[in-house]
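Single-structure report; data block below.
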Amino acid sequence: MQRINLFPDPNMANTIFQCIPRQCTVDFPTVSGFRWLRATTSGSGDIYAQYQLMGANLPRAGVYHIHSICYARGSSAFFRVYAGVGNGFTLLYETGIADDQTRWIDADITIPANTTQLLIRVVPPSTVGKFILIREILLESKSTYATAVGGFRASSPATPCHSADAAHRDGDAR
């Protein structure tokens with residue numbers, strides 16, 4: 020079975036499919052040969068940077084595997100996935116990233132049948148100037164992910180994912 024990454028911008032190009040920031044600035048540095056999305060806190064309140072998957076980019080209802088790599092500079096950073104259901108949002112997954120830590124996100128999520136949008140969100144620390152980095156977002160059917168051996172390298176939609184054992188040896192992104 021062919022593995023397909025359903026996330027439209029796994030290499031963080033931010034061209035056609037753009038990240039939406041709130042109370043933070045977003046840039047795309049290259050660190051250790053990898054391009055990251057960096058969300059740096061610039062305000063207070065509800066602070067985040069997110070991708071919205073809607074319309075043709077919205078995966079069908081079902082079970083999916085989400086994978087990414089995050090790094091935080093500052094405490095209380097988060098990676099979250101929400102489903103837009105009716106007039107509100109349902110939290111499908113959340114994990115914290117500690118100060119000066121790299122976290123590999125590997126989780127299964129279930130997208131409900133009545134989902135109208137999927138949000139993939141990073142929340143930087145609340146202190147102005149602190150940041151969170153994210154790279155290599157993978158969203159694929161749980162059935163194809165479960166049958167694969169090894170990791171992945173981010174690929175474009177409808178392109179097979181490739182082994183990426185080296186992706187886990189690059190060290191911290193600072």
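Quick note: the sequence shown uses this note's numbering, first residue 20, plus one each step.
The beta carbon of each residue, even a glycine, is placed where N, CA and C say it ideally should be.
Computed from a predicted model, the values in this text were never measured in an experiment.
The beta-carbon distance between D118 and S94, rounded to whole angstroms, is 5 Å. This is short enough to meet the 8 Å contact definition. In the assembly as shown, M31 is a buried residue. Its beta-carbon has 16 or more other beta-carbons within 10 Å. For Q136, the CB contacts under 7 Å within the same chain, skipping 5 residues up- and downstream, are Q71, L72, M73, L77 and G103 in chain order. P40 is bridged by DSSP to A68. Here DSSP, grouped into helix, strand and coil, assigns A96 to strand. From the listed residues D46, W55, I153 and S51, the smallest Cα separation to S61 is found for D46. Segment contact: the region 28 to 43 against the region 122 to 132, fewer than three CB-CB distances shorter than 8 Å; contact not assigned.
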